[in-house]
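Inspection log for the structure reproduced underneath, given as structure tokens.
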Amino acid sequence: MADDVAMTAWLADFLARHGGTSGTVHLVDGDVLRLVAAINIPPPVRAVTTVIPRGKGMAGLAWERAHPVSTCNLQTDATGDIRPGARAVAAAAAIAFPLGAPVAAIVGIAWPDDRTLDDATTLALIEDAGDDFPAA
Numbered sequence: 072m073a074d075d076v077a078m079t080a081w082l083a084d085f086l087a088r089h090g091g092t093s094g095t096v097h098l099v100d101g102d103v104l105r106l107v108a109a110i111n112i113p114p115p116v117r118a119v120t121t122v123i124p125r126g127k128g129m130a131g132l133a134w135e136r137a138h139p140v141s142t143c144n145l146q147t148d149a150t151g152d153i154r155p156g157a158r159a160v161a162a163a164a165a166i167a168f169p170l171g172a173p174v175a176a177i178v179g180i181a182w183p184d185d186r187t188l189d190d191a192t193t194l195a196l197i198e199d200a201g202d203d204f205p206a207a
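In our numbering, the protein residues as written are 72 to 207.
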């Protein structure tokens, strides 16, 4: 599936505003998430994240839980929430969070450094994303 031009432009702007180095946008499509935008995601990771079932990986878990899923370091996370393939992304801290009620999209953003995302930071990301998220 080709990336959605408007969604990719929105994602690039969102990453720039928050210092992210890579990111994704998945939209809910029935019983799966479909990748519609990706920036700095290696081809092998893109291939396995084009379609994501509920509960698989960070995006699938964020959808299933209707709650953000984050890690302070993709490379060393031991929670079980991070799929091994995610380590191919050249990033450390990452978060996937849902937008909409019911959930309509999952936005993922990753940073080059370790960081802990407290509740206030997470809420600010979600609010900022929701302010200008393109209509699907």
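Glycine included, C-beta positions come from ideal geometry on N, C-alpha and C.
Because the structure is a prediction, the values reported are computed rather than measured.
Per the DSSP secondary-structure output, valine 103 pairs in a beta bridge with Asp100 and Pro124. In the DSSP assignment, leucine 170 forms a beta bridge with Ala176. Threonine 79 and glycine 179 do not touch by the CB rule: their CB atoms are close to 13 Å apart, not below 8 Å. For valine 99 against alanine 175, the beta-carbon gap comes to about 6 Å, under 8 Å, which counts as contact. DSSP places threonine 142 inside the beta strand (DSSP E), whose first and last residues are 140-142. Counting only residues of its own chain and dropping the five nearest sequence neighbours on each side, glycine 131 has a CB closer than 7 Å to the CB of Leu104, Ile123, Pro124 and Arg125. Residue burial is scored here from C-beta neighbours: histidine 97 has at least 16 other C-beta atoms within 10 angstroms and is therefore classed as buried. In the structure shown, the three-state DSSP call for alanine 87 is helix. Going by C-alpha positions, isoleucine 166 is about 22 Å away from alanine 77.
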